[in-house]
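Have a look at the structure below before the remarks.
In the UniProt record's numbering, the protein residues as written are 1 to 97.
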């Protein structure tokens, strides 16, 4: 199911369930209509959020400045905005998770 993302005004909005403090940063599939992402950084001082954005930028080929944390700054449930062209990269990553 593709309920983990929405397209609005030419942007891609993805719903994420973050799992900070993991052994490595990786996509761990879909859970509860969210993209589940394990993050190696601890959830303190924005470190996990920064690592999440850097990871998604690297995996999708987008610059970090084009990825925005829309909601969930202090929560494991987050919504991020990315360029629309990142969608196919994310679908491929989910398929290999």
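Ideal Cβ positions, reconstructed from N, Cα and C, are used throughout, including at glycine. Note that the coordinates shown come from a computational prediction; the quantities given were computed from them, not determined experimentally.
Requested in this report: Can you give me the start and stop residues for the beta strand (DSSP E) that residue 53 sits inside?
Outcome: Locating residue 53 in the chain shown gives position 53, counting from the first residue. Under the DSSP assignment, residue 53 falls outside any beta strand (DSSP E), being part of the alpha helix (DSSP H) whose first and last residues are 47-60.
Report task. Could you check which residue in 9, 35, 25, 45 has the C-alpha nearest to that of residue 112? Result -> Nothing can be reported for residue 112, as the shown portion of the chain is limited to 1 through 97.
Query raised in the report: DSSP puts residue 83 in a beta bridge; with which residues?
Result: The count along the chain shown starts at 1 and reaches residue 83 at position 83. DSSP lists 11 as partners of residue 83.
Query raised in the report: Grouping DSSP H, G and I as helix and E and B as strand, with all else coil, what is residue 21?
Result: In the chain shown, the residue the question calls residue 21 occupies position 21. Residue 21: coil per DSSP, three-state reduction.
Query raised in the report: Using the rule of at least 16 other Cβ atoms within 10 Å of the residue's Cβ for burial, across every protein chain shown, is residue 49 buried or exposed?
Result: For the purposes of this step, residue 49 is taken as the residue at position 49 of the chain shown. It is buried - the Cβ of residue 49 has at least 16 other Cβ atoms within 10 Å.
Query raised in the report: Given that a residue counts as buried once 16 or more other Cβ atoms are within 10 Å of its Cβ, and exposed if not, what is residue 56?
Result: Along the chain shown, one-based indexing puts residue 56 at 56. By the Cβ neighbour-count rule, residue 56 is buried, with 16 or more other Cβ atoms within 10 Å of its own.
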